[in-house]
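One structure is given below, encoded as structure tokens.
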Amino acid sequence: MKIVVFFSGTGTNLQSIIENQDKYGYEVCSCFTNNPNAEGINVCHSHGLHCEIVDHQRFAERADFDNEIDKYLNIIEPDFVILAGYMRILSSFLVDNWEGQIINIHPSLLPKYPGLNTHQRALDAGDKYHGTTIHFVTSELDDGPIIRQEAFEIEPSDTKNSLINKVKEIENRIYPETISFLNK
Ligand code: GRF
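Heads up, the sequence shown is in the working numbering, so the first residue is 5 and it goes up one at a time.
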């Protein structure tokens, strides 16, 4: 199974996905970022992987940028497109063209807290639990069919940063394994 990983930032999930390829029997054939300064680019290079860098700021329209992505994906022909901290919303034509093949990880227990700032929102709401969700991407933001969720209890001492770290620890563990369960 061939996958391409999209990211915009640090890339801890990217790293975990790359490092678990042999264990879980998938192949990261390429990586993509919209952010020329993303730390994850170094992760790709240190593992000898090509990273396609297309700065979204060069495009006035989202559709033009996503056309570039579509062209790139048509060359790579991945079985799945894995979004791992990719911070751009995808155009509906792109989602339609790759229907059922785009997977995202979102740092909340969806349907709670789609969008940004999920950790602070969970704290502000006084939630008992927080966690992460792996789901298929549809044209509605953070709304596609859920593949897997994992939750933990929020402790009184938790802060936004501690929640970020706890969520990432879970994500780094479950994302590679969940990818291996996907059927071509
Ligand atoms: C993760 O928490 C993911 O759920 C969210 O963005 C974060 C990316 O972290 N979409 P990293 O770049 O993989 O470290």
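Ideal Cβ positions, reconstructed from N, Cα and C, are used throughout, including at glycine. Treat the numbers as computed from the prediction; the structure is a model and nothing was measured.
The beta carbon of N17 sits closer than 6 Å to at least one heavy atom of ligand 1. Between the alpha carbons of N38 and Y90 lies a gap of roughly 8 Å. Annotation: the continuous beta strand (DSSP E) that includes Y133 extends over 133-140. Between S12 and N176, the beta carbon gap of about 17 Å keeps them out of contact (Cβ cut-off 8 Å).
Between P115 and T122, the gap from beta carbon to beta carbon reaches 7 Å or more. In this structure, DSSP gives E154 an extended state, which the three-state scheme calls strand.
Rounded to whole angstroms, the Cβ separation of L77 and V141 is 13 Å, and the two are not in contact under 8 Å.
Of the heavy atoms belonging to ligand 1, none sits nearer than 6 Å to the Cβ of I150. Between ligand 1 and the CB of A126, the shortest heavy atom gap is not smaller than 6 Å. The Cβ atoms of I151 and H139 lie closer than 7 Å to each other. For L87, the uninterrupted beta strand (DSSP E) run begins and ends at 84-87, by DSSP.
Between F69 and F36 the beta-carbon gap is near 12 Å, outside 8 Å, which marks them as no contact. Cβ neighbours of T182 within its own chain (closer than 7 Å, five residues either side excluded): I138, I151, R152. When the beta-carbon positions are compared, F84 and L186 come within less than 7 Å of each other.
Put simply, the backbone Cα of K172 is about 15 Å away from that of A126. A straight line joining the alpha-carbon of I109 with that of V99 spans about 16 Å.
P160 and Q124 have their C-alpha atoms some 14 Å from each other.
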